[in-house]
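Under the numbering used here, the very last position in the sequence shown is 340; numbers go up by exactly one each time.
Data block below; observations after.
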Amino acid sequence: MKKTIIKGTGRYLPSRLVTNEDLSRWMDTSNEWIIQRTGIEQRYWVPEEGGVGASDLGFEASKIAMSRAGWEPEDIDLIIFATLSPDLFFPGSGCLLAHKLGLSSTPALDIRQQCTGFLYGMATADAYIRSSLAKRVLLVGAEVHSTGLDISTRGRDVAVIFGDGAAAVCIERMETDIKAGILASCVHADGSLAESLMTVAPASRENPRLDEKMLKEGKHFPTMDGRNIFKNAVRRLPEVAGEALNKAGISLDSVDLFIPHQANLRINQAFAKSMDLPESKVYNNIQRYGNTTAASIPLALDEAIEKGLLGAGSTVMFLGLGAGVTWGAVLYRFPA
Ligand code: ACO
5 MKKTIIKGTG RYLPSRLVTN EDLSRWMDTS NEWIIQRTGI EQRYWVPEEG
55 GVGASDLGFE ASKIAMSRAG WEPEDIDLII FATLSPDLFF PGSGCLLAHK
105 LGLSSTPALD IRQQCTGFLY GMATADAYIR SSLAKRVLLV GAEVHSTGLD
155 ISTRGRDVAV IFGDGAAAVC IERMETDIKA GILASCVHAD GSLAESLMTV
205 APASRENPRL DEKMLKEGKH FPTMDGRNIF KNAVRRLPEV AGEALNKAGI
255 SLDSVDLFIP HQANLRINQA FAKSMDLPES KVYNNIQRYG NTTAASIPLA
305 LDEAIEKGLL GAGSTVMFLG LGAGVTWGAV LYRFPA
C-alpha cells in the first residue's frame with residue numbers, strides 16, 4: 005500500500021532578534037503582559053529595510069530539508085507553499101521558490117490557510133501521493149509577518165504575537181503494509197468567523213484596493229478578536245484531536261507527542277489539560293519564535309526530531325486553529 009512519509013525536515017529563522025523589551029519601546033506594552041498572556045519571550049524578524057520575502061526564508065529551509073532527505077530539486081513532483089504573507093499579491097510564493105530551486109516546470113501550489121496551512125498541506129500531499137499523482141512533495145510553511153504589522157499601540161494585541169520564519173518537509177511515497185506515514189487527516193473551515201481575524205486590504209472587494217484613507221485607518225494591518233479566536237481554539241482542538249484518533253483507529257496513549265500550532269502558550273496548556281495530557285507530551289517553542297503561522301508546526305517538528313523526541317516508530321499529532329477560521333489535525337507515524 006502507498007504510504008505518505010516524511011523523509012527530511014529543515015527550518016530557517018531570520019537573524020534579527022526582537023525581544024519583548026524592544027516592542028515595549030515602540031508601543032505601550034510590557035514584557036510581563038506579553039509573557040503572561042501569550043508565553044512569548046522573543047521572536048525573529050527579517051531585516052527592517054525589507055527585501056526578504058516568504059519564498060526567501062522558504063528556500064533556505066528547503067535546502068536543509070532536501071539535503072537531509074537526499075533529494076535534488078529535480079526529484080520534486082509538486083511544491084506546496086503555505087503562507088498568509090506571500091512575497092507578492094500574485095503570483096504565489098511556490099512559483100518563486102521553484103525558480104529559486106532552479107526548476108522551470110515543476111507544479112507549485114500555494115495554500116492560503118494561515119495557521120492550518122501545514123495541516124492542509126499535509127492532507128493535500130497525502131492525497132497526491134496516495135492517488136499516484138506525485139511521489140515526492142516539498143511542503144513549505146513560511147511567513148514574513150513583520151513587514152505587515154502595526155507596531156504602534158493601536159496594533160499591540162496582534163503585533164506582539166507574530167514572528168517570521170520558515171520550515172520545510174520532504175514528503176515521499178513508501179510502499180509498505182505496516183501502519184506508518186499519515187494515519188489520518190481532518191481539516192475544517194467556518195467562514196462565518198472570517199472577520200475575527202483578517203487583513204482587509206489590499207483586496208478585490210475594495211475599489212481601489214488600497215487608498216490613503218484605508219492606509220490611515222490601518223486596513224492593511226491584521227486585526228483580531230483575540231478572545232473569540234482563543235475560545236474557539238480551546239473548544240475545537242480537543243474535538244479535532246478526537247476525530248483524528250477515531251479516524252486512524254488508535255488510542256490517545258499511543259501518541260508520543262502532540263505538536264500544536266504555536267499561537268498562544270495558554271491555548272496549548274488548556275489543550276493539554278482538557279485531554280488530560282502531561283505538559284511534556286505537548287511540544288511548545290512559542291517562547292522563542294512567537295507565532296510563525298504556517299511555519300509553526302513544521303518548525304516545531306524539525307526541532308522535536310533534532311532533540312530526539314521523535315524518531316523511528318514514534319507517533320505524532322499535528323493540530324491547530326487559525327484565521328478563517330480553519331482548524332484540523334494530522335496523525336503521523338514514523339516508519340519503524
Ligand atoms: N500589551 C499590553 N496590553 C495589551 C496588549 C499588549 N500587547 N494587547 C492588548 N492589551 C490590552 C487590551 O487593550 C485590553 O485592555 P482593556 O482591558 O483596558 O480593554 C487588555 O489588554 C486585555 O485584552 P484582550 O485582548 O482581552 O487580552 P487577551 O487576554 O485575550 O490576550 C491575545 C490577547 C494574546 C491576543 C489572546 O486573545 C490570544 O492569544 N488569542 C488567540 C490568538 C490566536 O490563536 N490566533 C490564531 C492564530 S493567528 C492566525 O491564524 C494568523
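Note that the Cβ used here is the ideal one computed from N, Cα and C, for glycine as well.
Quick caveat, the model's predicted, so the values are computed rather than measured.
Beta strand (DSSP E) containing residue 301: first to last residue?
First-last for residue 301: 300-310, but that is the alpha helix (DSSP H), not the beta strand (DSSP E).
Can you tell which of 53, 124, 54 has the C-alpha that lies nearest to the C-alpha of residue 328?
124
Can the beta-carbon of residue 322 be found closer than 7 Å to that of residue 233?
no
If you scan the segment 131-196 from start to end, which runs of the alpha helix (DSSP H) of 4 or more residues do you find wholly inside it?
160-163
By DSSP, does residue 124 sit in helix, in strand, or in coil?
Three-state DSSP puts residue 124 in a helix.
Where residue 162 and residue 200 are concerned, what is the direct C-alpha to C-alpha distance, given to the nearest angstrom?
12 Å
Smallest Cα separation from residue 288: which of 184, 7, 44?
44
Would you be able to state if there are at least three C-beta pairs under 8 Å between the segment 49-67 and the segment 10-27?
Contact holds: three or more Cβ-Cβ distances are below 8 Å.
According to DSSP, is residue 337 helix, strand or coil?
DSSP, read as helix, strand or coil, puts residue 337 in strand.
Do the segment 143-156 and the segment 164-175 meet, that is, are 3 or more Cβ pairs less than 8 Å apart?
yes
In the DSSP assignment, the beta strand (DSSP E) including residue 226 goes from what residue to what residue?
Where residue 226 is concerned, there is no enclosing beta strand (DSSP E), given that its DSSP letter is neither H nor E.
Taking 6 Å as the cut-off, does the CB of residue 44 come closer than this to any heavy atom belonging to ligand 1?
No heavy atom of ligand 1 is found nearer than 6 Å to the CB of residue 44.
Indicate whether the contact test is met: 3 or more Cβ pairs, each with one atom in the segment 250-269 and one in the segment 283-302, closer than 8 Å.
Two segments are said to touch when three or more pairs of C-beta atoms, one from each, lie closer than 8 Å; by this definition the segment 250-269 touches the segment 283-302.
Can you determine whether any heavy atom of ligand 1 sits closer than 6 Å to the C-beta of residue 26, and answer yes or no?
no
In angstroms, rounded to a whole number, what distance separates the CA positions of residue 50 and residue 257?
40 Å
Quick one, which of 32, 36, 53, 106 has its alpha-carbon nearest residue 66's?
Each of 32, 36, 53, 106 was checked against the Cα of residue 66, and the nearest Cα belongs to 106.
Are the Cβ atoms of residue 298 and residue 87 separated by less than 7 Å?
yes
Does residue 13 come out as helix, strand or coil in the three-state DSSP assignment?
strand
Figure out for me which residue from 121, 54, 128 has the closest Cα to the Cα of residue 82.
128
When the Cα atoms are used, what is the spatial distance from residue 281 to residue 259?
Between residue 281 and residue 259, the C-alpha separation is close to 10 Å.
Would you call residue 3 buried or exposed, if buried means 16 or more other Cβ atoms sit within 10 Å of its Cβ?
The shown model of the chain, from 5 to 340, leaves out residue 3, and the question about it has no answer.
Is residue 288 near ligand 1, judged by its Cβ being under 6 Å from some heavy atom?
Residue 288: no, Cβ never under 6 Å from ligand 1.
Would you say residue 174 and residue 37 are within 7 Å of each other, going by their C-beta atoms?
no
Using 7 Å as the threshold, is the C-beta distance between residue 171 and residue 302 below it?
yes
Once DSSP output is grouped into helix, strand and coil, what is the label at residue 96?
Correct three-state label for residue 96: coil.
Using only the alpha-carbon positions, how far apart do residue 277 and residue 265 sit?
16 Å
Check for me: the alpha helix (DSSP H) holding residue 70 runs from which residue to which?
58-73
Measuring only the C-alpha atoms, how far is residue 185 from residue 177?
9 Å
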